[in-house]
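Peer 1: Residue numbers (the UniProt record's numbering), protein chains in the order written: chain A, 1 to 362; chain B, 1 to 362.
C-beta: ideal position from N, C-alpha, C; glycine also.
I have a structure here, written as structure tokens, and I will follow up with some questions on it.
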DNA sequence: CTGAAAGCGCTAACAC
DNA sequence: GTGTTAGCGCTTTCAG
């Protein structure tokens with residue numbers, strides 16, 4: 001027994017290394033060399049059943065698990081994908097994460113979820129961390145304000161990851177420039193917004209406010225663009241446009257809607273930037289003693305799982321979030337060489353429920 | 001240059017190892033030894049400003065990031081905590097994960113989220129994985145059916161993790177036995193259920209059905225026990241109890257409620273096992289043309305973020321999920337030695353909204 | 001068929 | 001101050 005070695009290690013690194021079983025101990029117990037143990041456990045080399053059994057028995061008896069770090073060091077590291085989101089408690093992001101996780105797990109990859117709270121600094125730290133850990137695939141999710149800082153930062157991620165043989169996927173955010181080794185997968189926000197605005201227009205609404213703009217944010221800007229395009233296409237004058245830049249989140253939606261109601265702006269419908277904003281708006285409308293859709297129609301965006309349980313059930317745009325996550329890893333892994341620089345657009349569709357009616361006196 | 005080495009490596013392991021910068025290259029560029037580079041980067045050893053700067057400059061120029069695996073191997077691995085949940089798309093679990101993540105990130109720990117879909121097999125695989133990766137803290141979240149298989153499995157986790165100097169935290173699930181090196185942190189489900197049942201009782205309800213039992217599941221059993229205790233305490237006969245074992249989830253709640261309504265059981269209130277079940281029940285009640293709380297009162301459990309947006313806003317039991325996650329890591333890390341075997345109970349409280357009224361003709 | 005030995009990239013004694 | 005060196009636990013030639 002190399003007891004002294006273990007004692008020394010134990011003393012040296014605190015309790016962290018206390019008795020983790022190594023391949024050497026398994027080898028000793030099985031009466032073979034470490035090379036043989038490695039071979040049977042890796043299973044990629046023919047080993048006679050007899051020795052094989054002895055080794056397996058020893059490993060089981062000692063409850064041995066290989067040290068992933070040592071393995072990674074020598075080359076055969078575990079394949080790992082990292083998803084970076086603003087927060088997991090947002091239903092939309094959670095679904096994306098679930099999609100990534102499911103697709104990754106299905107391929108035997110490990111999935112790491114990191115959250116940034118929307119802070120670019122934390123995003124950078126996390127990506128750096130993933131480089132250290134040797135993630136083979138990094139997926140950045142969610143719209144961003146696209147400025148020079150963003151472009152520079154992401155260009156750096158892309159090149160660094162690429163140099164290390166890893167891939168970068170941008171979900172719902174733009175490539176920082178041409179010829180950047182990053183894959184982008186996103187929804188056609190403009191088309192979705194155009195469609196749902198059209199739905200409101202068809203119901204007879206002419207005074208529609210867009211609640212939840214976030215100037216500079218690519219996802220919201222696209223939604224606003226779709227809203228504007230639909231209005232214009234219906235022949236409405238530019239004055240008909242009314243976008244409230246209150247940003248996202250239930251609280252923001254609630255506050256902005258309450259203000260709007262207080263000011264008595266003359267509108268008959270609201271297009272919320274996403275379903276959480278819609279939740280806040282719905283609440284504010286109820287608190288003002290008004291009713292949806294009788295007094296005001298409301299539509300959202302994303303079709304989060306509980307949108308059906310709002311009061312009333314929300315008409316919204318379905319963005320298959322889980323599929324977005326799955327697609328991100330599937331595409332990135334399918335054809336790595338070709339994937340770099342590619343741009344995939346996922347379709348969306350309207351889900352009609354009970355939050356839209358014809359405007360009063362129509 | 002050791003170009004041949006890199007060529008060989010590149011050829012050997014595909015593109016994965018393509019050109020990752022090592023500490024040696026930084027050392028060469030800075031004209032110092034690897035030890036010096038290590039020293040300045042670790043920052044735990046005095047190094048003259050002049051060399052320090054040279055090294056830092058070289059590292060930056062090469063965009064060097066240390067290999068976390070090599071670091072972990074030699075002892076100073078990154079501290080990592082793993083949370084294992086059924087799914088991230090459940091608002092409750094997502095909040096717990098967020099709490100763990102926040103508390104971990106705040107201490108400079110890396111947080112890994114794994115999902116099992118409720119499959120013990122996948123849970124085991126994931127824990128094994130975490131052992132391989134050297135996680136120092138593993139947090140298992142969510143109620144389980146507590147059978148021999150469970151006890152054996154978790155006892156194994158606890159002992160294996162403990163032997164490797166890691167800790168196991170059980171959130172909302174019981175310790176598999178006495179003297180097991182695991183910390184348990186959970187809500188007082190029985191008290192919460194007792195309280196909310198009492199709320200219904202106080203409103204005048206006498207025929208209350210518990211929707212969402214899951215026999216054997218520790219969390220639900222405790223809730224059922226609280227419900228029964230409250231009923232008994234109010235002097236109601238055992239026949240007043242009515243628990244429907246439909247399990248959790250919106251779909252289950254919807255289906256079970258629809259059936260109940262169809263069978264015309266005489267009840268005036270329903271206590272849903274959790275808020276998702278309540279969502280389904282609310283929907284079924286609405287589809288049956290009945291109204292909450294006028295015709296039937298409904299209460300839930302957990303107070304998920306959108307419970308306020310249900311129709312009507314749901315009266316429920318608030319279980320501070322994020323705090324549960326934070327507490328799990330805080331307690332586990334605060335006093336590691338003492339934490340093993342400890343049992344922490346977190347309090348809950350009722351949140352009154354609009355889904356409860358006095359029963360008809362009361 | 002199996003063992004010995006050479007590292008993977010890094011840190012931490014231990015020299016000088 | 002800084003370089004040299006010995007491993008960490010594992011996989012993988014290369015011999016036998």
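Below 8 Å, how does it come out for the region 196-216 of chain B and the region 170-182 of chain B: are there three or more Cβ pairs, yes or no?
Peer 2: no
Peer 1: Do you know offhand how far residue 85 of chain A's Cα is from residue 128 of chain A's?
Peer 2: 15 Å
Peer 1: Indicate whether residue 214 of chain B and residue 188 of chain B have their beta-carbon atoms separated by less than 8 Å.
Peer 2: no
Peer 1: Could you have a look at residue 107 of chain A and say whether DSSP puts it in helix, strand or coil?
Peer 2: coil
Peer 1: Three Cβ pairs or more, each shorter than 8 Å: is that satisfied between the region 306-318 of chain A and the region 69-85 of chain A?
Peer 2: no
Peer 1: Mind checking residue 48 of chain A: buried by the 16 CB within 10 Å criterion, or exposed?
Peer 2: It counts as exposed.
Peer 1: Starting from the Cα of residue 243 of chain A, find the closest Cα among A:222, A:234 and A:155 and give me that residue.
Peer 2: Check the Cα spacing between residue 243 of chain A and each of A:222, A:234 and A:155: the tightest is with A:222.
Peer 1: Looking only at its chain, what residues have a beta carbon closer than 8 Å to the beta carbon of residue 287 of chain A, apart from the 5 residues adjacent to it on each side?
Peer 2: 258
Peer 1: Looking at the secondary structure, which residues open and close the alpha helix (DSSP H) in which residue 287 of chain A lies?
Peer 2: 275-287
Peer 1: What span of residues does the beta strand (DSSP E) with residue 346 of chain B cover, start to end?
Peer 2: 343-346
Peer 1: Between residue 17 of chain A and residue 132 of chain B, what straight-line distance do the alpha-carbon atoms span, to the nearest angstrom?
Peer 2: Because the pLDDT of residue 17 of chain A is 36, which lies under 50, any placement of that residue in the model is unreliable, and the number read from its coordinates should be weighed accordingly. So the two alpha carbons sit approximately 13 Å from each other.
Peer 1: In chain B, what lies closer than 7 Å to residue 97 of chain A by C-beta?
Peer 2: 88
Peer 1: Starting from the N-terminal side, write out each stretch of the alpha helix (DSSP H) that is 4 residues or longer and does not extend beyond the region 95-155 of chain A.
Peer 2: 120-133
Peer 1: Beta-carbon of residue 230 of chain A versus every beta-carbon of chain B: anything under 8 Å?
Peer 2: no
Peer 1: Would residue 268 of chain A be called buried (16 or more neighbouring beta carbons within 10 Å of its own) or exposed?
Peer 2: buried
Peer 1: Give me the chain A residues within the contact set of residue 255 of chain B, using Cβ-Cβ distance strictly less than 7 Å, ordered along the chain.
Peer 2: Correct list: empty, because the minimum Cβ distance to chain A is about 15 Å.
Peer 1: Using the Cβ count rule (16 or more neighbours within 10 Å means buried), how would you classify residue 123 of chain A?
Peer 2: buried
Peer 1: Decide if residue 35 of chain A is buried, meaning its Cβ has at least 16 other Cβ atoms within 10 Å, or exposed.
Peer 2: Residue environment: residue 35 of chain A is assigned as exposed (fewer than 16 neighbouring CB atoms within 10 Å of its CB, all protein chains considered).
Peer 1: When the distance is taken between beta carbons, is residue 300 of chain A closer than 8 Å to residue 384 of chain A?
Peer 2: There is no way to answer for residue 384 of chain A, as the model of chain A reaches only from 1 to 362.
Peer 1: Taking buried to mean at least 16 other C-beta atoms within 10 Å of its own C-beta, is residue 343 of chain B buried or exposed?
Peer 2: exposed
Peer 1: Could you pull out every residue in the same chain whose Cβ sits closer than 7 Å to the Cβ of residue 256 of chain B, ignoring the five residues on either side in sequence?
Peer 2: Same-chain partners within the cutoff: 211, 244 and 246.
Peer 1: Between which residues of its own chain and residue 70 of chain B is the CB-CB distance below 6 Å, once the five residues before and five after are set aside?
Peer 2: none
Peer 1: Starting from the beta carbon of residue 283 of chain A, find every residue of chain B whose beta carbon is closer than 8 Å, and list them in chain order.
Peer 2: 308 and 309
Peer 1: Using a Cβ-Cβ distance cut-off of 8 Å, determine whether residue 197 of chain A contacts chain B.
Peer 2: no
Peer 1: Tell me the DSSP secondary structure of residue 349 of chain B in three-state form.
Peer 2: strand
Peer 1: In the DSSP assignment, what residue or residues form a beta bridge with residue 167 of chain B?
Peer 2: Per DSSP, B:137.
Peer 1: Between the alpha carbons of residue 238 of chain A and residue 94 of chain A, how many angstroms are there, rounded?
Peer 2: 37 Å
Peer 1: Give a yes or no on whether 8 Å exceeds the smallest Cβ distance from residue 128 of chain B to chain A.
Peer 2: yes
Peer 1: For residue 164 of chain B, which residues in the same chain have their Cβ closer than 8 Å to its Cβ, ignoring the five residues on either side in sequence?
Peer 2: Once the five neighbours on either side are set aside, the close Cβ partners of residue 164 of chain B are 131 and 134.
Peer 1: Skipping 5 residues on each side, what residues in its chain have a beta carbon closer than 7 Å to that of residue 101 of chain A?
Peer 2: 111
Peer 1: Tell me, please, whether the region 316-335 of chain A touches the region 147-166 of chain A by the rule of three or more beta-carbon pairs shorter than 8 Å.
Peer 2: No, they do not touch.
Peer 1: Output, in sequence order along the chain, the residues in the region 137-170 of chain B whose CB is closer than 7 Å to any CB in chain A.
Peer 2: 160, 163, 164 and 165
Peer 1: For residue 74 of chain B versus residue 332 of chain B, is the C-beta distance shorter than 8 Å?
Peer 2: no
Peer 1: Around the Cβ of residue 345 of chain B, are there at least 16 other Cβ atoms within 10 angstroms (buried) or fewer (exposed)?
Peer 2: The residue in question, residue 345 of chain B, is exposed, as its Cβ has fewer than 16 Cβ neighbours within 10 Å.
Peer 1: Please report the straight-line C-alpha distance between residue 30 of chain B and residue 78 of chain B, rounded to a whole angstrom.
Peer 2: 26 Å
Peer 1: Could you give the DSSP three-state label for residue 85 of chain B: helix, strand or coil?
Peer 2: strand
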